[in-house]
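Undergrad: Per the numbering used here, the very first residue in the sequence shown carries number 1; after that it's consecutive. Even for Gly, the Cβ is constructed at its ideal location relative to N, Cα and C. These numbers come from a predicted model, not from an experiment.
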Amino acid sequence: MQNNFIARGIEIFYSKPGTEIVLRKDGSFGIHLMSVNPRGLGKRPLEDGEFPIRQNKIVCRNDSNW
1 MQNNFIARGI
11 EIFYSKPGTE
21 IVLRKDGSFG
31 IHLMSVNPRG
41 LGKRPLEDGE
51 FPIRQNKIVC
61 RNDSNW
């Protein structure tokens, strides 16, 4: 089985501060809706609203791999 990593290079995405973002298995991302049960790689609240995507993870500014 091949491991496919979702990474968007040096792109930084923006959202409203405090929004919870969901990273889906197909590489798309969006806001977390309580009415929908997403089958994704992860979800994360964003304190400052900026995030890149690296190695299948949403990275926040205070993370070591920012």
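Give, in chain order, every unbroken run of the beta strand (DSSP E) that is at least 3 residues long and sits entirely within the segment 19–55.
TA: 20–24, 29–31, 40–45
Undergrad: Give me, in chain order, the residues of the same chain whose beta-carbon lies closer than 8 angstroms to that of Met1; leave out the 5 immediate sequence neighbours on both sides.
TA: Any answer about Met1 is weak, because its pLDDT of 46 lies below 50 and its placement is not dependable; what the coordinates show is given next. Excluding residues within five positions, none has a Cβ falling inside 8 angstroms.
Undergrad: Pick out whichever of Asn62, Trp66, Glu47, Leu46 has its Cα sitting closest to the Cα of Gln55.
TA: Trp66
Undergrad: Return the residue from the list Asp48, Glu50, Asp26 that minimises the CA-CA distance to Gly82.
TA: A question about residue 82 goes unanswered here, because the residues of the chain that appear run from 1 up to 66.
Undergrad: Name the one or two DSSP bridge partners that Lys73 has.
TA: This structure cannot speak to residue 73, because the chain is shown only from 1 to 66.
Undergrad: Can you tell which of Pro52, Pro45, Ile58 has the C-alpha that lies nearest to the C-alpha of Ile10?
TA: Pro52
Undergrad: Leaving out five residues before and five after Leu23 in sequence, what residues of the same chain have Cβ atoms less than 6 angstroms from its Cβ?
TA: Same-chain partners within the cutoff: Phe29, Gly40, Leu41, Gly42, Ile58.
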